[in-house]
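FYI, the numbering for the first sequence is 10 to 222, going by the numbering used here.
Beta carbons are placed, not taken as given, at the ideal position from N, Cα and C, and that holds for glycine.
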Amino acid sequence: MRDREKIHEILRILKETYSDAKIALRFENPLQLLVATILSAQCTDERVNQVTSELFKKYPDVRAFAEADLEELAQDIRPTGFYQQKAKYIKEACRILAEKYGGEVPKSMEALLELPGVARKTANIVLANAYGIVDGIPVDTHVRRLAHRLGLSQEKDPNKIEKDLMDLIPREDWAVIPYVLQAHGRKICTARKPKCEKCPVKDLCPSAKEYLA
DNA sequence: CTCCCGATAT
DNA sequence: ATATCAGGAG
């Protein structure tokens, strides 16, 4: 089997195995998704949901975040880690949303990338899950790790990994593939002790042997 | 490249 | 003790 065929077979099996995979962050509108995604940096989605359930009651809209007391906001999101940085990002991003975008979350990659704390990964998440706009593939730590192990990309830079994935994966799969990889990454292909013996693609995976030894 | 950084698994 | 968790900025 050629490499490209092997890769498509791997992705087919993973899609089938994790057919119900979808976003795990809880949100009710684009702003909530934006905030939740900023908070999700180096933090489990479960903890983000725990924090946001109270956070979104206290800060119901863009203005509430934009006018928030920075120290208080930082304490409100403390359990997610990097809380001082994230508080600044959220407050400043919401100030820009209020000033330039009428309090709405913009629907373009270009506009989203101008917000502090927002790069392609976060922008892709927001565009796809709030607006159904799929122009890229969010590359997070799970996607990056699995892309390497499965032989989908050898690049380190997330933007280059994204380009490799966009080249390999048909566009209609761009929306689901990050959730499929995330699900597989959490259950089987974990960062530390991957459970290769239980992996549905172990016979196709170029990295399985080194972990099965 | 380093820094931001709490909570949990190993 | 240490690595890791839906990253991004300087």
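**Expected contact under 8 Å - CB spacing of F74 and I47 to nearest Å** = Rounded to the nearest angstrom, the Cβ distance from F74 to I47 is 11 Å, too far for a contact under 8 Å.
**Request:** Answer yes if the stretch 144-156 comes into contact with the stretch 168-176, meaning at least three C-beta pairs across the two stretches below 8 Å, and no otherwise.
**Result:** Because the criterion of three Cβ pairs below 8 Å is met, the stretch 168-176 and the stretch 144-156 touch.
**Message:** With a threshold of 6 Å on Cβ separation, who are the neighbours of Y188 within its own chain once the five nearest residues in sequence on each side are excluded?
**Reply:** Cβ neighbours of Y188 beyond the five flanking positions: A30, K31.
**Message:** Taking the alpha carbon of L34 as the reference point, which residue from R104, N138, T26, A128 has its own alpha carbon closest?
**Reply:** That would be N138, whose Cα lies nearest to the Cα of L34.
**Item:** Residue range of the alpha helix (DSSP H) that includes Y92
**Value:** Start and end: 92-109.
**Message:** Contact between the stretch 51-66 and the stretch 202-222 is defined here as three or more beta-carbon pairs at a separation below 8 Å; is this criterion met?
**Reply:** Verdict: no, contact absent.
**Asked** Can you give the Cα-Cα distance for P69 and S216, rounded to whole angstroms?
**Response** So the alpha carbons of these two residues sit roughly 46 Å apart.
**Request:** With DSSP as the reference, label F36 as helix, strand or coil.
**Result:** Note: F36 maps to coil in three-state DSSP.
**Request:** Could you give the DSSP three-state label for G160: helix, strand or coil?
**Result:** Looking at G160 - three-state DSSP - the assignment turns out to be coil, as it is neither helix nor strand.
**Asked** Exposed or buried, what is T61 when buried is set at 16 or more other beta-carbons lying within 10 Å of its beta-carbon?
**Response** Taking all protein chains shown into account, T61 has 16 or more neighbouring C-beta atoms within 10 Å of its C-beta and is therefore buried.
**Asked** How do the stretch 104-114 and the stretch 37-51 stand: do at least 3 beta-carbon pairs fall below 8 Å, yes or no?
**Response** Cβ pair count under 8 Å is three or more, so yes.
**Message:** Would H151 and L177 be called neighbours here (beta carbons separated by less than 7 Å)?
**Reply:** With respect to the 7 Å criterion, H151 and L177 are not classified as neighbours on the basis of their beta carbons.
**Item:** Burial state of L64, where buried means 16 or more other Cβ atoms lie within 10 Å
**Value:** Label assigned to L64: buried.
**Prompt:** Where do the N-terminal and C-terminal ends of the alpha helix (DSSP H) with P167 fall, by residue?
**Reply:** For P167, the uninterrupted alpha helix (DSSP H) run begins and ends at 167-177, by DSSP.
**Asked** From what residue to what residue does the alpha helix (DSSP H) around D12 run?
**Response** Secondary structure note for D12: its alpha helix (DSSP H) is the uninterrupted segment 12-26.
**Message:** Short of 7 Å in beta carbon distance, which residues of its chain neighbour Q93, apart from the five on each side in sequence? Order them along the chain.
**Reply:** Correct list, in chain order: A83.
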